[in-house]
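Residue numbers (this note's numbering), protein chains in the order written: chain H, 354 to 662; chain F, 2 to 310; chain P, -7 to 1081; chain A, 639 to 892.
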Amino acid sequence: MLEENGNGTGKNGKEVGLLERVKAGVKEDVQSLKTDLPAKAKEQVEGLKDPTKTQVYTSIFRHKHDDTPRNRALGVLSNVFLHLHPAKINRDAVRYSFTWGMGGITFFLFLILTYTGVLLMFYYHPTKVQAFRDVLYLEHDVPFGKILRNMHRWAAHLMIIAVWLHMFRVFLTGSYKKPREFNWNVGVILLVLTLLLSFTGYLLPDDQLGFWAVTVGTNMARATPLLGHEGPFGKMLGMTPYNDVRFGLLGGSIVDANALLRSYIWHCIGIPLVAITFMAVHFWRVRKDGGISGPAPVMLESEADKRRT
Amino acid sequence: MDWRQLWEIVSAPDNVPIVGMIPLLVFYIYLAWKQARANDELVAELETNPALAKTHHRKSWPFRPGWQKEVHVWPFLLRIEFLAAIIVTIILMVWSITLSAPLEEPSNPNLTMNPAKAPWYFLGLQEMLVYFDPWIAGVVMPTLIIIGLMVIPYIDTNPLGSGYYTWKQRKFAIGTFLFGFIVLWVAMIIIGTFIRGPGWQWFWPGQTWDHNRLIYEVNRDLPDLFGITSNLAKGIFGAIVVGGFYLIGGFVVHALFRRYNPKDYRRMSLLQYSIMIFFLLTMVALPAKMLLRLALNIKYVWITPWFNV
Amino acid sequence: MPEKPIPEDDPIVSKSYALHYLVAMVLLLGTLFWALSDEYWIQRPWKGYQQEWKHRYVAFLKSAKSESAKSEKEIEQNPEYQQLLQNYQQAYDSARPRRDAIQIQLNNLNAEILAVQSVFTDRRAYVNALNYKIETDSSASGKESKQKELEKYKQKTATVKYPDGHKQDYTYDQLEAAYNHLRDQRTQLSAELGDILKPVADANTKMATYISEHMVDLTPAQIDGLRKKTEDWDPKIVQINVADANIVDRCESCHMGAREPLKLTAVALTPKGQKKPDEYAQAFVSHPEPGLLRVHDPDKFGCSPCHQGNGRATTSIEKAHGNYEHWLWPLFPKENAEAGCQTCHSADMFLASGEVGATISEGKDLFRQKGCMGCHRYEGYDKEPEDLNSISQQIKQLEQERAQNIKQAGYLMKQADAAATNEEANRLNEKAIALRVANSKVDARVQQLDFQSHSLMQDMKKVGPNLKDIRLKLNRDWIPVWLKKPTDFRPTTKMPNFRLNARQIQAISAFIWQSALTDPLPRQKPGNAEHGQELFETRGCLACHSIGEGDQMQGGAFAANLTRVGEKDNYDYLVRWVHNARERTRPYCPYEKKDIGPEDYAKKGLPYVFDLAHSQCPNDGHELQVQNMTVMPSLRLTVSDAQDIASYLITQKKQEPSAYPDASYMEDPALKEEGRKWVRHFGCAGCHEIAGFEDEGRIGTELTAEGSKPIERLDFALFTEPAQRGGKDPIAVQEDLQRLPDGPATGPWYDHKGFFEHKLAEPNVYDKGKIKSETEVLRMPNPHLTNQEIRSLTTFLLGSQESSLPASYQYRPADTRRDIQEGWWVVKKYNCMGCHQFIPGQPTTLMGMARYQDPDWKEQLPPKLLTEGARVDPEWLQRFLANPALSTTDTDRNGVRSYLKVRMPTFSFSDNELRKLVRFFQAMSQQPMPYIPEQVPTLSAKEIDMARSLFSSNAAPCLKCHATGDPQHDKNATAPNFLLAKERLKPDWVERWIVEPQAISPGTSMPSGLFRQENGHWVFAGPTPASFQGYGQDHTKLLVDYIFQLTPEEQRRVSAAMGKNRATSQLRPEAGNEKRAGRSGAIHTGGTH
Amino acid sequence: MLGFIALICLALLAACSKKENTNESQGTSPTAENPPTQTSQPIDSSTAATVSGTVTYGGTAPKNAKIDMSQDPGCKGDNMAETIVAKDGKLANVFVYVKDGIGNRTFDTPKDSVTIEQKGCQYHPHVLGVMVGQNIEIRNDDPTTHNIHPTPKDNREWNESQPPKAPALEKTFTREEIMLPIKCNQHPWMRMYLNVVKTPFFAITGADGKYEIKGLPPGDYTLAFVQEKLGEQDQKITLAAKDSKTVDAGFKAQ
């Protein structure tokens, strides 16, 4: 290769000339290595002293990190996760005593549940034969399987409590009031979805606890007015155990394999998708409705009607 | 006092969240109450001092001119959020390590659990089954609860108390909500978890859950009390009683509401007002029915061939 | 309103969260490590076990090795071993020179091969590449030119440099040849080396084999292997995974020693200085019954199918053993471990493997013995009534079919008569004929079913006596006293205590009294009680019955204790009973559901005779129950013997029968109806035959799967909480409390074991404190069991579970093992083990009795049946079992062992049971069925002479002990008559028997040492006449052939001659000299002993 | 094989530091003297005590029946039943041994054999004592075939035929057992009793009812007198050093 490329300047001469030229070229290359390599190495070390200036860093973080108000704002705005938040908020809104942080905790728990849930799905088969065994398998075989299941379960319970407290706080601070009426409704739907998520997950270990909890729960559906075979007017509308709303929920007249599968799919795909959609709306509306409601300045009785008009 | 029984109930893994929720609720109510009182005092002061009202920053927290009215989310909010996330993680992990999620016997449709309980967050509904037929307790009630929650922003016309804790400005709204949430929901859950034993019988805390306990209880229907025997008459009688409850109750509510909450009364449209009265009365109907049942052993008020109330 | 002064700096902005974060992060890190350690150690306690195991087992192996080395050394001292060693040395020495030479040659050869190979492979690669080019070249000229190139290349020489330095040039072909030659040489040499070393290796193997054969334990080398394995062990889950059966058992993750080849005890694995074996030592012991594991390979069966527990769990002992609330299959307690057998062996009646099986077998037996099955259905028990029921259903159906066919045929024939054409008529007639033929088949089928029901009727037994006979049998006034509390009268009775009140007793006694038969009973002459006692004690009655109370009691527990029988029984009835217990007062027709009397027979003009040969109902031709449904057999006693025994028994009393208070109310018809109600209520018909209750169903719950009933379904009633938490035992009656196998409860007993044990100790314990009416209180009577019996029954019930294992795990063999399985049911049913030993070491009732401790009486014990199937011809056995007298006329005797006082009874086995028993014995001795008798060669006159000389030899006087049929001679006989041998015995067995009888029936009177091995043949140990000179066959064979051809005349001749011989030898004075000669001979041959 | 046994014996001998093998076993003599040879705790022969005495029989001794041996012409001579052999109130064939009190001392098995002779269709002696593991030589001096059939409780049962002139049988018993019956199936009257004990401290009363046990170390003992028919009597004795005690026993007619 070298022989062919290196003779661009001269014409195809004798072998001796070619050899000399090659020798000269190689010498030059060696010389360049001797002088350039230390210089470039030094340059490289210098560059690494400030990692924030590297191309890799700047490609990830779009702005500087120093404590200027601009950068603080950009830190939030340019981050896909953090830009749920505005750049600046009411100074008292950071007070925990006001917000209780329950909305955030709920969301955080939802994330934990998603991660642990996905991992659990690796080991779980929603069939009558496998389900219970898989849970035993998780408990005894899977590395960290037991803590994984425990975290999933307790995070779910914690999430329900957090959701209730969130609603409680929102009500107590009157945060549902104009212009946030709609977002309150979205919140109510999310509350229902949270309960349904937990409820559908209850059946999955296929043990006595889950089985009977779900049996008790779904037995009420029998009595749905009009749509349940034991509900008011159900019989008149031709409802039987095999075509009523409970049958639809369970995929059968008893809690069995189909119910397990339905539960599983609602729990892992159906409800989470719906919930994520509503959560997106919920968060979006928080921003669009003017951030969190407070802490707002107190209003006086006398001002109430004034403002209304 | 059967401490062992008590401990068995309290330490059941799935009951631990409820046990945890009670102090949590107390703490947050205290937190809300503290701020509400501070705000109410501030309002009272400002009401008497219009001059101050004009200049005051109108929050119970201290404020000094020159302080930022708004702060950056990064870092002032995020650092709290992040801290909260860490603390939740710690709590969750410790909980998961120390307490295992329950896993009982494999499901067995032939062996009924006694008591067979729904997941704890639905125990309020299960408790209602004692007082109402499943179609009310399991279907109508939950639906009404959801709808009721959703209509709150639309019937609460009080512009005060938006974005801050207060009691004096929203006595009626907060009172009603506390009644609904604490008494009708949380208390019912606690009853369902800790009080209801085998056969869904009432066991005081510390009383042994005796599976063989038998209780003699004869429940009558309200029409029987008045010696009404014919079905038609029963239906008509029940309709009158129920209708009467809503009519007379509505009138009483109107009389009280108009008197003690004239501002809201004035602000509300006819639709808002009637919806509010309907939900309020329905809410009151629950404890009323409980009272009838527990005190007078009355099972049904309204008996028709299709449904019973 | 701020109370405090407002700070200068904005707290919201200025407040530092550094400390908060620090604390939070530390905590987070802490929990993270906690989670990790939890995962690594706390949730995996078996790791600690395995570490400990390594230490302890290595220490144990060290000490085991030194012992093993010691015993190895001892064995090496053995001359036999020394001989082997010498052989080895010799072989080694003789092989060495040649071996060394070959080795050197081989080394050289290898080097040369290597040298040639490197050149050759290179050139071969080139040739192969060129060949490929030639093959793929498309042009002929190209091929040709390349071919030439190849030839040229092959001709070119290459130089090979040999290791010794010399070089040689080869063409390609030469090179190839040289290479192959060298390799052939190497192959030859290697083969030769192998041949030379083979004797050495063989000698070496022999030494190793000798050591391993003579070592009881492992050899030091094997122990070293174990130690290495243990030391190199990395902690990991050890699991048995049987996917087909969904068995995942990780028990061996902690129980590391379970399957080790050495016997590990808890003490041996306790570290020095520790007094008691700790948790680890307990866990590491080897399985107590390695023999059991050989049959039940753990790799196929796992652990949990037998022991239960949560095989997958590894997080804690409680979890792994399944001893927590929500695990449905907790580990069987150690004392009930045999419950696990029932998982697969529910169809077996008797289980024994090593020391395992006694408890569960007793439980299985008790369930039948104590009459549990009278009230509780249990799959496999007491099948006869169900089978009979289904047969009678079938018969009814078939009879309907027959009637239908007749009707149809008549109709068809009528139509045929009126048919328009002949063809039509013929067609219809054909149809009618077909129906009549079909009826004939129906008749055949009915006949078959009747035959089956004949067998079944014969097999059907009741635990208690037939109450239809009580008017004939019992002292009336005694009945209410008995009913009050049977154990008061007879502490060991099977009849349980029913807790009846006075009214119930009166009503029940009145009912059974009034519903009993009143047929007349023949009067019997009084007998000789003294003779009766002797017969009673020696004929074998005591194998089942017992007599005497408390310490004085002797005999078996299978049947009633007869100590006070004189107070209750009627002498006439007793004679009939002793003479033949199966004799019924009236036959019972299950079809008509009534007892058939003489009037029914008279109606048809038939004689009033009913027995197994005359078992058809005179009214409808169906099978009758012609026997009492008792397992008590007939001892074939003469009537006078029966009278003697009955006379003796009637003297057995503590008080006079007349001393019982008058119970004439039993004659009051008014009480009868109430009595009927109570008899039905208490399920008396489960164990007794009672008029009007013949088809009564069982009143108790089915127990087949009682062990897997959810604990919630077991009603602990008011004792649920006390059982869950422990506390005072609810049983207050001291007598019942003592029945609990583990004593009064000290801790919680809320489990199946606790429930069963309490229920069995005091059945109505769960009624305690409950308010219940007379009919609501628990009916189950108190079976007054001992605590060992309760343990056995509890074990049986605990194991009675629905198995989650695949059906193939159920032990339902289709081969001869099935014969064994079925046979045990019959053997246990008739208490054959009361007299006979079936498996080595099994005690019999008679064996344990004081009388049979005397050496002379020991010979009077019934024969051991350890190899019965190999001993006797099955067809003969069937005949013998049907009629042990082996005679239809002379029945007052034993057919085979006429010298025994104890009598093999006639059990009147049904054909069904006979078949089962015969097959059982054959299968137990691994004999093929059907048996094809070996043809015994006919002996020549000379051979007969020789054989006779052995047979009558002074050194083995066969006829001295064996019976001949001559009463004078047989007085002293202690062995059966040879004339029976031909029909009865299998020749191969007889040969084994005469060589070493002690190995077949330990303790037999037949001595060993009659023959000795000489040049691979069995020769007679005593002196042989000259005619034996040069006889090269087995003397044993000769003798057996002779015995199988023995005729009565020959036997008489020999017997007579022997007497004479003796007389002459007696006169010989030089016997003393011979004696000495014999002695000196002993010294020479003594070494072989 | 024999060499091997000898080798082991040698090894054992070498292993025992103190060895006084003066055991002149006279199993057949009525008063067997078996000076102790023990390994665990040496007995100082200078302090050893002796027990001796007489066993008496109260009441008239039953006359022993003559046995009818006509069944086998090979049996000759007189043969009396030996169930109770008493003369002048002195009881023979009583086995006397130290039942309890030896503690955990162990004793070497005597190397000498004891002999059982079958002569005149009778066993000689009628009662015999041996130590555990001691070799027993059984000889048949009759012109008829015998078989030897011990029916033990705690030892292994066997039954071997011994034709006339056959070599002697050599047998050992490995477990302690008192009054182990030995019989011959061909001659039902033949019966003897073997006593297998762990210690050398035993004796059998002679025709004069006398016995003597020597070499006992001082201590408390239970002395048992066993007769095949009359059963066992125990006596507690205390022996001082060099004591020479007389312990008599008396059986009553039943």
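All C-beta atoms in this analysis are idealised placements derived from N, C-alpha and C, irrespective of residue type, glycine included. None of these values were measured; they are calculated from a predicted model.
In the DSSP assignment, find the alpha helix (DSSP H) that holds residue i and state where it starts and stops.
{"i": "P/His47", "result": "Trp38 to Gln69"}
{"i": "P/Ile4", "result": "Pro3 to Ser6"}
{"i": "F/His57", "result": "Counting along the chain, F/His57 falls outside any alpha helix (DSSP H), and DSSP gives it neither H nor E."}
{"i": "H/Ile413", "result": "Gln408 to Ile413"}
{"i": "P/Gln318", "result": "The sequence given here has His at residue 318 of chain P, not Gln. No alpha helix (DSSP H) holds P/His318; DSSP gives it neither H nor E."}
{"i": "P/Trp474", "result": "Trp470 to Lys476"}
Locate the beta strand (DSSP E) running through residue i, then write down its first and last residues.
{"i": "P/Cys581", "result": "Glu575 to Cys581"}
{"i": "A/Gly696", "result": "Ala687 to Gly696"}
{"i": "A/Met817", "result": "Glu815 to Lys821"}
{"i": "P/Val1011", "result": "His1009 to Phe1012"}
Within 10 Å of its beta-carbon, does residue i have 16 or more other beta-carbons around it, so buried, or fewer, so exposed?
{"i": "F/Glu106", "result": "buried"}
{"i": "P/His47", "result": "exposed"}
{"i": "P/Gln1083", "result": "Only positions -7 to 1081 of chain P appear in this structure, which leaves residue 1083 of chain P out of reach."}
{"i": "F/Met1", "result": "Because residue 1 of chain F is not part of the residues shown, which for chain F are 2 to 310, the question remains open."}
{"i": "P/Gln813", "result": "buried"}
{"i": "A/Thr675", "result": "The predicted model places A/Thr675 with a pLDDT of 46, which falls under 50 and marks its position as unreliable, so this point remains unresolved."}
{"i": "H/Met652", "result": "buried"}
{"i": "P/Ser110", "result": "exposed"}
Could you check whether the Cβ of residue i sits closer than 9 Å to any Cβ belonging to chain D?
{"i": "P/His247", "result": "Looking at the structure shown, chain D is missing, and the protein chains on hand are H, F, P and A."}
Cβ pair count under 8 Å reaching 3, the region 144 to 155 of chain F against the region 629 to 636 of chain H: no
What are the residues of the region 102 to 118 of chain F that lie near chain H, defined by any Cβ-Cβ distance shorter than 8 Å? Ala102, Pro103, Leu104, Glu105, Glu106, Pro107, Ser108, Asn109, Pro110, Leu112, Thr113, Met114, Ala117 and Lys118
Whether or not the region 883 to 899 of chain P and the region 937 to 946 of chain P are in contact is what I'm after, with contact meaning three or more pairs of Cβ atoms, one per stretch, closer than 8 Å; do they touch? no
Contiguous alpha helix (DSSP H) assignments of at least 4 residues, all confined to the region 128 to 173 of chain F: 142 to 156
What residues from the region 686 to 713 of chain A come within 8 Å of chain P, judged by C-beta to C-beta, listed N to C? Gln709, Asp710, Pro711 and Gly712
What ranges does the beta strand (DSSP E) occupy inside the region 714 to 740 of chain A, keeping only unbroken runs of at least 3 residues that lie completely in it? 733 to 738
Mind listing which residues of the region 687 to 711 of chain P have their C-beta closer than 8 Å to chain F's C-betas, in chain order? Pro702, Glu704, Arg705, Ala709 and Leu710
Counting Cβ pairs, one atom from each stretch, are 3 or more of them under 8 Å apart for the region 767 to 787 of chain A and the region 802 to 812 of chain A? yes
Return the residues of the region 375 to 393 of chain H that lie within a Cβ-Cβ distance of less than 7 Å from chain F, sorted by chain order. none
Along the region 135 to 146 of chain F, where does the CB come closer than 9 Å to a CB of chain H? Name the residues. Pro135, Trp136, Ile137, Ala138, Gly139, Val140, Val141 and Pro143
Is the region 712 to 731 of chain P touching the region 750 to 761 of chain P in the sense that three or more CB pairs, one from each, lie closer than 8 Å? yes
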